[in-house]
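When we follow this note's numbering, the leftmost residue of the sequence shown carries the number 25, and every step to the right adds one. A virtual CB, placed ideally from N, CA and C, is assigned to each residue, including glycine. To start, the structure under review is shown below, and the notes come after it.
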Amino acid sequence: NGLIKAVSASALKVAEAVLRKTQLALRQEVLKRESSLEALFSEVAQGTDSVSRKELARWLGGLEDLKLSSEQVALMLDRLAGSAEEGMVSRWTFLRKFQQFYECQKNIALTNDLVITNSKPIRMLQAEEVIEVLQGPESEKKSGIERIRGRAMRDNTLGWVSLSGNQGSVFLKERPKPFVSCLVDMPLEKSFQTTGEPPTRSLKTDEVLEILEGPRQDVRESVSRARVKTLKDSLTGWGTLS
25 NGLIKAVSAS ALKVAEAVLR KTQLALRQEV LKRESSLEAL FSEVAQGTDS VSRKELARWL
85 GGLEDLKLSS EQVALMLDRL AGSAEEGMVS RWTFLRKFQQ FYECQKNIAL TNDLVITNSK
145 PIRMLQAEEV IEVLQGPESE KKSGIERIRG RAMRDNTLGW VSLSGNQGSV FLKERPKPFV
205 SCLVDMPLEK SFQTTGEPPT RSLKTDEVLE ILEGPRQDVR ESVSRARVKT LKDSLTGWGT
265 LS
């Protein structure tokens with residue numbers, strides 16, 4: 025029993041390390057192509073909403089920046105699609121695992137450069153803001169501080185930010201990809217501010233939504249709104265969160 029637990033823990037550790045390497049390689053691929061993870065998934069899934077683990081493993085094996093053995097890839101895919109060879113990986117699972125997000129723990133500057141001494145602040149990231157990782161983490165040579173280039177979810181601002189300070193202060197903490205669930209029926213609207221035009225459709229109670237942008241305040245109506253995508257039919261629009 026103890027041996028089985030030790031082997032399972034070791035396999036989990038390897039799978040986690042492989043996942044991190046794959047996240048970095050996919051970000052490099054996105055940068056090279058000036059594309060997105062969604063577009064990469066659409067390519068490997070040939071425009072459908074899921075891909076077989078066999079086909080995903082073949083595609084990952086062709087990435088120039090990802091040097092992994094077939095056994096390492098298999099361990100990671102076991103976590104995504106189960107151990108069955110015919111297992112499928114959905115778009116949502118792919119994005120949940122390979123997109124990486126951090127939550128700001130304390131106010132910190134979002135800057136225009138990896139090198140801190142060359143950087144100019146773009147704006148301050150506020151505590152509890154969420155940022156999607158687009159590049160890195162990379163170590164700033166002079167200080168050794170790990171930094172990422174990311175997209176602030178609130179307003180799509182791009183910039184570099186430190187994960188922690190040289191005195192041990194933690195600025196960013198990893199968090200899951202943001203989703204929300206509808207508490208009541210509500211409209212999926214076409215623009216950030218309500219215009220009176222018919223909504224894209226009505227969102228139903230308990231429907232799950234992926235947050236693409238926001239939330240941010242609509243000062244005109246004193247509400248918090250986000251741009252979302254429906255899991256049910258992949259429609260995008262704006263919804264009121266509070």
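Straight-line Cα distance separating residue j from residue i
| i | j | result |
| --- | --- | --- |
| VAL42 | VAL243 | 44 angstroms |
| ARG251 | PRO202 | 12 angstroms |
| VAL97 | LEU48 | 14 angstroms |
| PHE195 | LEU259 | 34 angstroms |
| GLU231 | PRO200 | 18 angstroms |
| CYS206 | GLU245 | 20 angstroms |
| PHE216 | PRO222 | 14 angstroms |
| LEU55 | THR117 | 21 angstroms |
| THR72 | SER66 | 7 angstroms |
Residue range of the alpha helix (DSSP H) that includes residue i
| i | result |
| --- | --- |
| PHE195 | Careful: PHE195 lies outside any alpha helix (DSSP H) and carries neither H nor E. |
| ALA98 | 94-105 |
| PHE65 | 61-68 |
Residue(s) in a DSSP beta bridge with residue i
| i | result |
| --- | --- |
| PHE203 | GLU234 |
| GLN253 | The sequence as given places Lys at residue 253; Gln does not occur at that position. GLU234 and THR260, per the DSSP bridge assignment. |
| VAL75 | VAL113 |
| ILE155 | TYR126 and ALA176 |
| ILE132 | LEU149 |
| ASP242 | VAL247 |
| ARG51 | The partner list for ARG51 (beta bridge, DSSP) is empty, contrary to what the question assumes. |
| SER226 | PRO211 |
| ARG44 | For ARG44, which the question treats as bridged, DSSP gives no partner whatsoever. |
| SER163 | GLU170 |
Check whether residue i and residue j have beta carbons under 8 angstroms apart
| i | j | result |
| --- | --- | --- |
| THR135 | TRP184 | yes |
| SER226 | VAL247 | no |
| ASP209 | THR229 | yes |
| LEU233 | VAL204 | yes |
| LEU80 | LEU101 | yes |
| LYS18 | GLY263 | With the chain running from 25 to 266 in the structure shown, residue 18 is simply not present. |
| LEU61 | LEU50 | yes |
| LEU138 | GLU162 | yes |
| LYS29 | LEU90 | no |
Segment limits, beta strand (DSSP E) that includes residue i
| i | result |
| --- | --- |
| VAL185 | 182-186 |
- Query: Is the segment 162-181 close to the segment 221-241, with three or more CB pairs under 8 angstroms?
  - Reply: yes
- Query: Does the segment 156-174 come close enough to the segment 121-135 that 3 or more CB-CB pairs lie under 8 angstroms?
  - Reply: yes
- Message: Count Cβ pairs between the segment 70-88 and the segment 112-120 that sit closer than 8 angstroms; are there 3 or more?
- Response: yes
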